[in-house]
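Inspection log for the structure reproduced underneath, given as structure tokens.
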Amino acid sequence: MSNYIYENHFHRDPNFPVIFHCDILNKNKPSFLMHYHENIELLYFLDGHAKVVCDNKILQAKADDIIIINSKELHSIEKISDYCKYYCLIIDKDLLNDNLNNFDNFRFKNLIKDSFLKMKIEEINRELSNKNDYFKEFIKSDILQILIHIKRNHIEQNSSLIKIKDNNKILMVKEIINYLKENYKEQISIDHICNHVAFSKYYTCRTFKEVTGQTILDYINHIRCINARNLILYNGYTISESAYKSGFNNLSYFSKTYKKYIGLLPSEEKIT
1 MSNYIYENHF HRDPNFPVIF HCDILNKNKP SFLMHYHENI ELLYFLDGHA
51 KVVCDNKILQ AKADDIIIIN SKELHSIEKI SDYCKYYCLI IDKDLLNDNL
101 NNFDNFRFKN LIKDSFLKMK IEEINRELSN KNDYFKEFIK SDILQILIHI
151 KRNHIEQNSS LIKIKDNNKI LMVKEIINYL KENYKEQISI DHICNHVAFS
201 KYYTCRTFKE VTGQTILDYI NHIRCINARN LILYNGYTIS ESAYKSGFNN
251 LSYFSKTYKK YIGLLPSEEK IT
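Numbering (full-length UniProt numbering), first residue to last: 1 to 272.
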């Protein structure tokens, strides 16, 4: 997973549209911002506890739990324990529909325990680590088995062949998230956002907090801090340059806010 709001997933090998990695949440990276994407994502928790928000559902995940994140489902992850570790498997939408027609028309249970899925995800991790002959074919076979298994065993009871449409609150929050992604470097106000979505300030702020668990201001500041951190660590900008390029106009406020969301001061970052 990246820290962008709407994720476009790119694959070096178009014939192998699979993303798999191990993520760790700790004091230096306590959370992933609310975002969404077209693809289905599976999280297999190995250690620690985390809060996972899927649309407007708040889930508590711990070791041995699996979270299924549906296509276009708003989601975020935040550590509860000091340390949280999990595998992340992202299955490309095209791979889904090539193998199982209209797969993304279904909605799956978000929080499950499943020994078969754990075994398959661990197999994928081993294959990617060892890279033996035909490892990509092996992994694609595993993924097909995963897809069939969750379709047989973990469909939401209210799911149907008719695509479930997002409710109005989720749609509004997605619109705000997209707007913030495009404009967070500017001096945007709550009034600007409310005018953009054409809802009252009270309804907009209340609904955003209800769905994401964050205020709009918290969300904007989190985006800005993530961008500033990337500029400091990977693009050679000074702390002040990174702050201003990310939408902050006060260095003292930037340092305080950075500490809140990133877990350390900008001056404490170890630049490689």
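Just so you know, even glycine gets a beta-carbon here, dropped at the ideal spot from N, CA and C. All values reported here derive from a predicted model rather than from experimental measurement.
Item to complete: Look up F108 in the DSSP assignment and say whether it is helix, strand or coil.
Response: DSSP places F108 in strand when its eight states are reduced to three.
Discussion item. Give me, in chain order, the residues of the same chain whose beta-carbon lies closer than 6 Å to that of Y258; leave out the 5 immediate sequence neighbours on both sides.
Written reply: Counting only Cβ-Cβ distances below 6 Å, and skipping sequence neighbours, we find C225 and P266.
Fill in: Complete runs of the beta strand (DSSP E) confined to the region 51-88 [at least 3 residues]
DSSP runs (the beta strand (DSSP E)) wholly in the region 51-88: 57-62, 66-69 and 75-79.
Discussion item. Mapping the DSSP letters down to three states, classify I91 as helix, strand or coil.
Written reply: Judged by DSSP in its simplified three-state form, I91 adopts strand.
Worksheet entry | CA-to-CA distance, Q187 to I66, given in whole angstroms | Rounded to the nearest angstrom, the two C-alpha atoms are 39 Å apart.
Discussion item. Does N26 come out as helix, strand or coil in the three-state DSSP assignment?
Written reply: N26 carries a strand assignment under DSSP once its states are collapsed to helix, strand and coil.
Item to complete: Just the C-alpha distance for L204 and N15, rounded to the nearest angstrom, thanks.
Response: In the sequence as displayed, the identity of residue 204 is Thr instead of Leu. As the crow flies, the alpha-carbon of T204 is around 42 Å from that of N15.
Worksheet item: What does F135 pair with, by DSSP beta-bridge criteria?
Response: F135 pairs with nothing; no bridge assigned.
Item to complete: Could you work out which residue in L46, V18 and F32 is closest to I40 when comparing CA atoms only?
Response: The residue with the shortest Cα to Cα distance from I40 is V18.
Worksheet item: What's the gap between the Cα of L144 and the Cα of K136?
Response: L144 and K136: Cα-Cα distance of roughly 12 Å.
Worksheet item: K79: buried (16+ other C-beta within 10 angstroms of its C-beta) or exposed?
Response: So K79 ends up on the buried side.
Discussion item. For I164 and E210, what's the separation of their Cα atoms in angstroms?
Written reply: Any reading at I164 is ruled out, since the residue's pLDDT is 47, under 50, leaving its predicted position unreliable.
Worksheet entry | DSSP-derived helix/strand/coil call for Y237 | It is coil, neither helix nor strand.
Fill in: T212, buried or exposed, once every other Cβ within 10 Å from all chains shown has been counted against 16
Label assigned to T212: buried.
Worksheet item: DSSP state of Y203, grouped into three classes?
Response: Helix, per DSSP.
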